[in-house]
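Letter by letter, the sequence shown follows residues 30 to 170 in this note's numbering.
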Amino acid sequence: MTSLPTTSLRKPMIAWSAVAVWIIVIFLFSHQANSGAITETYLHDANVPIRKLAHLTEYAVLFCLSRFALSQSAFASTWGKTRLSIAAYVFTLANALFDEWHQSFVPGRSATLSDATVDMCGAMLAWVAIYILLKVKGSRG
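Structure representation (structure tokens):
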């Protein structure tokens, strides 16, 4: 009979599970063949801005989830907030680059540096938002 992990392990396991689920969601979105042409039939001139906003949002969420998961890890107290954010950013960058590489094999899709740049802008916006929230929280308490 297997037992449930101790409370100290549950939070990191749940946090990293959320990261894994979100990476799968991103993978499934990027695995759709000819998705740009499909969405263009519905969105017309708004297609490109909405797709770029989707990229921005996907990777902002990934940064937030990975930053939180790292903060729940055993080493978090020794790393500090900045190192945790840098690690989350590098993790998000690796996923963005992998996603672009993956898209190069999907029919009707291509790998573009501009999409990876938009992805990382999303991660940076999330980092700034978290930084501001932590500063505000720290000044109140």
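Beta carbons: idealized from backbone N, C-alpha and C, even for Gly.
With respect to the alpha helix (DSSP H) encompassing G167, which residues constitute its N-terminal and C-terminal limits?
142 to 169 is the span of the alpha helix (DSSP H), which, as asked, contains G167.
Which of the three DSSP states, helix, strand or coil, is assigned to S133?
S133: coil per DSSP, three-state reduction.
C-beta contact flag for D144 and I55 at 8 Å:
Result no, Cβ atoms of D144 and I55 do not sit closer than 8 Å.
So, helix, strand or coil for F120, using DSSP?
Helix at F120.
Regarding L72 and the ligand NAP, is the C-beta to nearest heavy atom distance less than 7 Å?
With respect to small molecules bound, the structure shown includes none, and the ligand NAP cannot be examined in it.
Ends of the alpha helix (DSSP H) at F104?
Here F104 belongs to no alpha helix (DSSP H), and DSSP marks it neither H nor E.
With three or more beta-carbon pairs closer than 8 Å as the criterion, would you say the segment 79 to 98 touches the segment 114 to 133?
Between the segment 79 to 98 and the segment 114 to 133 there are three or more C-beta pairs closer than 8 Å, enough to call the two in contact.
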